[in-house]
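Please read the structure below before turning to the comments.
Number of protein chains: 2
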Amino acid sequence: MLDPVSRVRRFNRAVTSAVGALDHSFLGRGRPLGAARVLNAIGHGRSDIGEVRDYLGLDSGLMSRLLRSLEEEGLIETHAHENDARRRVASLTRAGQREFAAYERISNTQAESLLARNSQAEALLAAMDLIASALTRDRIALTEMDPRSDEARYCLSEYYAELGRRFKQGFDVSLSRDPDAEDMRRPRGSFIVAMSDTLPIGCVGLKGTDHGYAEIKRLWVAPSARGLGLGKRLMEATEEAARTLGITLLRLDTNSALPEAGQLYRTTGWREIPRFNDDPYPDLFFEKRL
Amino acid sequence: MLDPVSRVRRFNRAVTSAVGALDHSFLGRGRPLGAARVLNAIGHGRSDIGEVRDYLGLDSGLMSRLLRSLEEEGLIETHAHENDARRRVASLTRAGQREFAAYERISNTQAESLLARNSQAEALLAAMDLIASALTRDRIALTEMDPRSDEARYCLSEYYAELGRRFKQGFDVSLSRDPDAEDMRRPRGSFIVAMSDTLPIGCVGLKGTDHGYAEIKRLWVAPSARGLGLGKRLMEATEEAARTLGITLLRLDTNSALPEAGQLYRTTGWREIPRFNDDPYPDLFFEKRL
DNA sequence: CACGATATCTGACTAAAGTCAGGTAATGCT
DNA sequence: AGCATTACCTGACTTTAGTCAGATATCGTG
Numbered sequence: 001m002l003d004p005v006s007r008v009r010r011f012n013r014a015v016t017s018a019v020g021a022l023d024h025s026f027l028g029r030g031r032p033l034g035a036a037r038v039l040n041a042i043g044h045g046r047s048d049i050g051e052v053r054d055y056l057g058l059d060s061g062l063m064s065r066l067l068r069s070l071e072e073e074g075l076i077e078t079h080a081h082e083n084d085a086r087r088r089v090a091s092l093t094r095a096g097q098r099e100f101a102a103y104e105r106i107s108n109t110q111a112e113s114l115l116a117r118n119s120q121a122e123a124l125l126a127a128m129d130l131i132a133s134a135l136t137r138d139r140i141a142l143t144e145m146d147p148r149s150d151e152a153r154y155c156l157s158e159y160y161a162e163l164g165r166r167f168k169q170g171f172d173v174s175l176s177r178d179p180d181a182e183d184m185r186r187p188r189g190s191f192i193v194a195m196s197d198t199l200p201i202g203c204v205g206l207k208g209t210d211h212g213y214a215e216i217k218r219l220w221v222a223p224s225a226r227g228l229g230l231g232k233r234l235m236e237a238t239e240e241a242a243r244t245l246g247i248t249l250l251r252l253d254t255n256s257a258l259p260e261a262g263q264l265y266r267t268t269g270w271r272e273i274p275r276f277n278d279d280p281y282p283d284l285f286f287e288k289r290l
Numbered sequence: 001m002l003d004p005v006s007r008v009r010r011f012n013r014a015v016t017s018a019v020g021a022l023d024h025s026f027l028g029r030g031r032p033l034g035a036a037r038v039l040n041a042i043g044h045g046r047s048d049i050g051e052v053r054d055y056l057g058l059d060s061g062l063m064s065r066l067l068r069s070l071e072e073e074g075l076i077e078t079h080a081h082e083n084d085a086r087r088r089v090a091s092l093t094r095a096g097q098r099e100f101a102a103y104e105r106i107s108n109t110q111a112e113s114l115l116a117r118n119s120q121a122e123a124l125l126a127a128m129d130l131i132a133s134a135l136t137r138d139r140i141a142l143t144e145m146d147p148r149s150d151e152a153r154y155c156l157s158e159y160y161a162e163l164g165r166r167f168k169q170g171f172d173v174s175l176s177r178d179p180d181a182e183d184m185r186r187p188r189g190s191f192i193v194a195m196s197d198t199l200p201i202g203c204v205g206l207k208g209t210d211h212g213y214a215e216i217k218r219l220w221v222a223p224s225a226r227g228l229g230l231g232k233r234l235m236e237a238t239e240e241a242a243r244t245l246g247i248t249l250l251r252l253d254t255n256s257a258l259p260e261a262g263q264l265y266r267t268t269g270w271r272e273i274p275r276f277n278d279d280p281y282p283d284l285f286f287e288k289r290l
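Structure (structure tokens):
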């Protein structure tokens, strides 16, 4: 009862019955669970049928029948894929959207009631983020995104908030307007976001300059995702992006108030160099040749 | 993607697939999930068939058939209940114990691999405890137990550890030998443990004295279970136990370094009284007449 | 001891999920 | 153009889960 494995297993049991309860309430809409899951997958933007099949782990015959039953109910329509007529894509009809919305309401309501029952909501959410990140760590996707996208802006605002907490002298939030966004778009640079499911949990920017090198900026990993080696993965992905852009020299600056960062750079082929800019915040400078 | 409800739902998705993976690996032993679950429930000590049926939420007809199939496999035996021949109790045969052990290994292995993959194991476990307590809060059972039982001793050791952290002057652990255990057994007193599934998450002792009152001691609630009103439930349960023991006056002492405790007492009918003992640690004293 | 309640079992179902062996059409590659 | 591959569909099937209406035996109570 006290050892780590028992604690994990207690968690499993608690969560199994909660998950079962949600499934059960899905049945309330008079449709088998399999069909409901397919409808929801399509509603969440998985239009490609093969993708849905993969995601839900269904046999192609079973998948086909579930699609047919949803079609007969008038909830979805299927079309041939525009570039490959073997593949099919599904989309919700008007009625399907209504039905999908009803499932969404069920899911949202149960999530809300879980939060409402609990007076420590923020602690509970933090715990959930941590666990979700740990469970899906094999499925963390690094995606190049626009630095002005919602996902990127979320990461950046979290990043600046954390700098504010970590730096003794605080941090000037006006800097977070991000004048560098232009330099972090292809072909000058790149911006990579780490997504766990739908939640952004880390980012890194590659900022092109006119001085013969590119800078790595704004490396951030959500607290709930630390200890998973995500920082390293993000760095590797940016270096790869830099190579495809023909960049051969990288620089970055950081602050000694962020010791994890310095440690990461030192162990992955970066070498410390003298100050190369006049930013007030950084006090450590690194360089790496690709 | 950033709002609380989305975070809960991301957690749900992550956990659903983890749970599904465990179910799937259970299937690897060539037995339908239903039968495997019954076998495991019996292995975990739920010998009474009605109890298993309740726990797993099965129809009695289905339950009956699953038992039959396990019997035919030679994994369990059933007997009439000793005090009530309508009821049946099941027990594992030698072969059933082996099979149960194999399922246990699967569960343990997946729990271990989850922990091993994660460098923040302690944070992960704390998060799991918190969530498990929140999800099973309706199923927290308060049980009278011997103050020397494993469960009680676990609670007490956590309690003393916390006192050590909270008190500026530290706390003398030698006191945790618990010389009062005798006075916390019926008919002199009582000791109540709050169990969430198999994990003790809180306790309270009622210590009989020869001075015309009984004392309430060692009220503790695990950090992962705070905010659920468990302290209040424990106090109510002890007061109820005191009534059944014919006790009419209760006293307790506490320390102002534990403000939640003082707050709880003041709002539940206790009144502050002058010091009534010479313990070095407490500096606040309360009394309540039943 | 009669009688209603309780615990389990049996038989006869239905629905849902999953499997598997072809079949059709489009595609990619030589 | 020929041919293997891919993506999906269809038909025929099995297994699992779940439901429901009795049947049987036992228990608690008056």
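Taken in order, these protein sequences are the chains called W and G. Just so you know, we're using the working numbering here: the first sequence kicks off at 1 and counts up by one. Just so you know, we're using the working numbering here: the second sequence kicks off at 1 and counts up by one. By construction, the Cβ of each residue, glycine as well, lies at the ideal position given by its N, Cα and C atoms. Note that the structure is a prediction, hence the values are computed from the model and not measured.
Query                                                                                                                                                                                        : Result
In angstroms with no decimal places, state the Cα-to-Cα distance between W/L228 and W/L264.                                                                                                  : 13 Å
Of the residues W/F100, W/S64, W/A36, which one's Cα is nearest the Cα of W/I49?                                                                                                             : W/S64
In the DSSP assignment, the beta strand (DSSP E) including G/G205 goes from what residue to what residue?                                                                                    : 199-208
Exposed or buried, G/E260, counting other C-beta atoms within 10 Å across all chains shown (16 or more means buried)?                                                                        : exposed
How many Å lie between W/P147 and W/V204 at the Cα?                                                                                                                                          : 10 Å
In whole angstroms, give me the CA-to-CA distance for G/Y55 and W/R46.                                                                                                                       : 36 Å
Less than 8 Å between the CB atoms is what I'm expecting for W/L115 and G/V8, so what's the real figure, rounded?                                                                            : 7 Å
With a cut-off of 7 Å, does the C-beta of W/G227 fall near any C-beta of chain G?                                                                                                            : yes
Of the choices W/D278, W/A257, W/T267, W/D253, whose alpha-carbon is the least far from that of W/F286?                                                                                      : W/D253
Given a threshold of 16 other Cβ atoms within 10 Å of its Cβ, counted over all protein chains shown, does G/P32 qualify as buried or as exposed?                                             : exposed
Can you list, in chain order, the residues of its chain with a C-beta nearer than 8 Å to that of G/H81? Leave out the 5 residues immediately preceding and following it.                     : D48, R87, R88, V89
What does W/V5 touch in chain G if you count any residue whose Cβ is under 7 Å from its own?                                                                                                 : N108, A111, E112
To the nearest whole angstrom, what separates the beta carbons of G/T248 and G/L290, a pair I think is in contact under 8 Å?                                                                 : 5 Å
Report yes or no: is there a C-beta of chain W within less than 7 Å of the C-beta of G/R9?                                                                                                   : yes
According to DSSP, is G/F167 helix, strand or coil?                                                                                                                                          : coil
Could you have a look at W/G271 and say whether DSSP puts it in helix, strand or coil?                                                                                                       : The displayed chain sequence assigns Arg, not Gly, to residue 271 of chain W. If DSSP states are grouped into helix, strand and coil, W/R271 belongs with the strands.
If contact means a Cβ-Cβ distance below 8 Å, which residues of the stretch 112-131 of chain W contact chain G?                                                                               : E112, L114, L115, R117, N118, S119, Q120, A121, A123, L124, L125, A126, A127, M128, D129, L130, I131
List the residues of chain G that W/A18 touches, going by C-beta distances under 7 Å, in chain order.                                                                                        : L135
Give the single residue among W/V38, W/T238, W/D3 whose Cα lies nearest to the Cα of W/V96.                                                                                                  : According to the sequence provided, residue 96 of chain W is Gly. The question's Val does not apply to it. Ranking W/V38, W/T238, W/D3 by Cα distance to W/G96 puts W/V38 first.
Can you pull out the residues from the stretch 276-288 of chain W whose beta carbon lies closer than 7 Å to at least one beta carbon of chain G?                                             : none
For my contact list, W/V193 and W/A152 are in at a C-beta cut-off of 8 Å; report their separation, rounded to the angstrom.                                                                  : 6 Å
Could you list which residues in chain W have their beta carbon closer than 9 Å to that of G/R291, in chain order?                                                                           : This structure gives no information on residue 291 of chain G, because the portion of chain G shown stretches from 1 to 290.
Report the three-state DSSP secondary structure of W/H211 (helix, strand or coil).                                                                                                           : coil
Mind checking whether W/R92 and W/G43 have CB atoms under 7 Å apart?                                                                                                                         : The question names Arg, yet the displayed sequence has Leu at residue 92 of chain W. Against a cut-off of 7 Å, the Cβ pair of W/G43 and W/L92 comes out as a contact.
When we look at the beta-carbon of W/P187 and count the other beta-carbons within 10 Å, is it buried (16 or more) or exposed?                                                                : exposed
Which residues of chain G have a Cβ atom closer than 9 Å to the Cβ of W/L22, listed in chain order?                                                                                          : N12, T16
Could you please give me the residues that DSSP links to G/D253 through a beta bridge?                                                                                                       : G/F285
Identify every run of the beta strand (DSSP E) within the stretch 58-140 of chain W, keeping only runs that are complete inside it and at least 3 residues long; order them along the chain. : 76-80, 88-92
Answer yes or no: do G/L135 and W/A35 have a C-beta to C-beta separation smaller than 7 Å?                                                                                                   : no
Our contact map puts W/A127 next to G/I216 with C-beta atoms below 8 Å; I'd like the distance itself, whole angstroms only.                                                                  : So it is not a contact: roughly 31 Å between Cβ atoms.
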